[in-house]
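Presented below is the structure to which this report refers.
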Amino acid sequence: MTAIAGAVGAVVTVLASLVAATATAAADPGVLLPLQGGFAAIGDLASGVLLWLLDQWYWLLDWVYYLTGVEMFNPQYRFMHRAVLVGLCVGVMAPLIGTFLVHRQLALIGDALAHTAFAGVAVGLFLNAVIDLGVSPYLTAVVVAMIAALCIELISEVTDAYNDVSMAIVLSTGFALGTTLISLNAGGLAVGIDQFLFGNLSTVSPESAGILLVLFAVIVGTVAVTRNQLLYVTFDETAAAVSGIPVRWYNRVTVMLTAMVVVGAMQIMGVILVAAMLVVPVAGATQVARSFRESLLVSVVLAELAVLLGIAVSYYAGVTAGGVIVLVAVGIYVLAAAVGRVRPALAEETDRETGTIDADTDAGTGAGGD
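Here full-length UniProt numbering is used: position 271 in the sequence shown is 271, and no number is missing along the way.
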């Protein structure tokens with residue numbers, strides 16, 4: 001907790017410095033030049049690291065292609081390499097956060113944040129068309145989705161409304177804002193909106209893949225640091241509050257991480273289907289797992305399987321990846337549910353047979369003794 005507080009304090013200090021610098025720049029614009037240079041250097045360094053990681057990924061899949069001959073991994077199809085990378089990251093992120101959401105009965109929050117992420121995409125496209133901002137729509141989607149996530153929590157806290165009420169309000173507001181901005185057509189705005197609604201493998205650019213890698217690192221790192229607190233809050237908020245854990249703060253962390261997952265998965269799943277990856281693999285894992293940790297691990301395995309099979313089928317069949325991934329995930333869930341129903345019956349039958357054998361053995365031993 002001390003480490004988290006220190007990190008938050010550092011972020012607040014940096015933001016305060018930026019505000020002070022901005023205020024000073026109002027009187028002397030030349031003050032901003034060193035600051036801009038520093039930001040540019042940081043941006044160049046981050047871009048260089050992400051590009052290096054992508055190059056290593058390309059190299060790895062090139063070798064997979066040469067060893068297996070799988071056409072999907074052909075070096076000419078770099079967009080498929082990026083799509084597979086995004087899919088594998090989503091297969092870890094979504095169940096990682098979805099496991100906490102499902103056990104807290106917040107499965108529908110993914111839908112609410114997906115629709116507000118769509119509004120964030122619309123905001124980015126609108127600003128790029130009107131003032132030539134030059135920002136990635138996925139980046140504005142992250143910002144808007146995180147603001148929406150905080151609004152869901154704040155509405156519940158301030159008005160004492162149930163979570164489903166606050167989610168419905170934010171969902172409808174986000175989608176209304178997105179459709180309004182798109183319909184304005186200001187500045188010649190023209191949007192190929194299908195790729196955001198349904199996802200598209202061919203539109204996973206190096207820039208959006210880089211954003212996804214950053215989100216992946218933040219999500220996995222945050223969960224690794226706060227796992228025990230999140231687990232405590234998930235299963236017993238009252239006891240967590242009594243023990244001194246800031247429950248509201250961790251609730252906000254959870255919904256903000258959910259917003260990041262939604263935006264990351266939106267690239268291949270689309271707004272309409274993105275929530276499925278938060279719920280379906282976790283639901284399948286709960287049918288066969290015996291503990292929270294086992295449920296988390298199994299859900300990641302099921303999600304990765306659904307993503308890889310879905311991407312492969314969509315590539316060779318020429319269909320939308322998001323829909324196929326969800327159908328595969330649902331099929332896996334059905335199989336997991338069947339296994340979960342059959343396994344207790346088999347165990348009971350095994351126990352019954354073992355008990356009968358033991359009884360016969362005891363009876364035989366008794367007879368021999370007499």
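Where a beta carbon is used, it is the ideal one built from N, C-alpha and C, also for glycine. Values in this document were obtained by computation on a predicted structure and should not be read as measured data.
(message) So, for LEU108: in the same chain, excluding its five sequence neighbours on each side, which residues have a beta-carbon less than 8 Å away from its beta-carbon?
(response) Here residue 108 refers to the residue found at position 108 when the sequence shown is read from its first residue. The answer, listed in chain order, is ASP164, MET167 and ALA275.
(message) So the candidates are LEU181, VAL204 and VAL143; which of them puts its Cα closest to the Cα of THR258?
(response) Numbered from its first residue, the sequence shown carries residue 258 at position 258. Selected option, being the one with the closest Cα: VAL143.
(request) Mark PRO75 as exposed unless 16 or more other C-beta atoms lie within 10 angstroms of its C-beta, in which case mark it buried. (result) On the sequence shown, position 75 is the one that residue 75 refers to. It is exposed - the Cβ of PRO75 has fewer than 16 other Cβ atoms within 10 Å.
(request) Give the secondary structure of PRO206 by DSSP, where H, G and I count as helix, E and B as strand, and everything else as coil. (result) The count along the sequence shown starts at 1 and reaches residue 206 at position 206. PRO206 falls in the helix class under three-state DSSP.
(request) Rounded to whole angstroms, what's the CA-CA distance from LEU60 to PHE73? Just pull it up for me. (result) Residue mapping note: residue 60 aligns to position 60 of the sequence shown, counting from 1. Residue mapping note: residue 73 aligns to position 73 of the sequence shown, counting from 1. Answer to the nearest angstrom: the Cα atoms are 10 Å apart.
(message) I want to know whether the segment 304-313 touches the segment 321-331 - three or more CB-CB distances under 8 Å.
(response) yes
(message) Can you give me the C-alpha to C-alpha distance between LEU101 and VAL271, rounded to a whole angstrom?
(response) Residue 101 sits at position 101 when you count from the first residue of the sequence shown. Residue 271 sits at position 271 when you count from the first residue of the sequence shown. If I take the Cα positions, the gap works out to 18 Å.
(request) May I have a chain-ordered list of the beta strand (DSSP E) segments no shorter than 3 residues that lie completely inside the segment 268-345? (result) none
(request) Could you work out which residue in VAL130, SER47, LEU215 and GLN56 is closest to GLN267 when comparing CA atoms only? (result) Reading the sequence shown from its first residue, position 267 is the one you call residue 267. Ranking the options by Cα distance to GLN267, first place goes to LEU215.
(message) Counting C-beta neighbours from all protein chains within 10 Å, is the total for ARG293 16 or more, i.e. buried, or is it exposed?
(response) Here the question's residue 293 lines up with position 293 in the sequence shown. Exposed.
(request) Can you tell me which of the three DSSP states TYR77 falls into? (result) Taking the first residue of the sequence shown as position 1, residue 77 is located at position 77. Coil at TYR77, not helix or strand.
(request) Out of ILE147, THR180 and THR159, point me to the one whose CA is closest to residue 392's CA. (result) Residue 392 lies beyond the range of the chain shown here (1 to 370); nothing can be said about it.
(message) Using the Cβ count rule (16 or more neighbours within 10 Å means buried), how would you classify VAL307?
(response) Locating residue 307 in the sequence shown gives position 307, where the first residue counts as 1. With 16 or more Cβ atoms within 10 Å of its Cβ, VAL307 is classed as buried.
(request) Determine the extent of the alpha helix (DSSP H) in which PRO137 is found, giving its start and end residues. (result) As a first step, residue 137 is located in the sequence shown; it is residue number 137 there, counting from the start. Per DSSP, PRO137 belongs to the alpha helix (DSSP H) from 137-159.
(request) Give the range of the alpha helix (DSSP H) segment to which ILE109 is assigned. (result) Stepping through the sequence shown from its first residue, residue 109 is reached at position 109. It spans 109-131 - the alpha helix (DSSP H) in which ILE109 sits, taken as one unbroken run.
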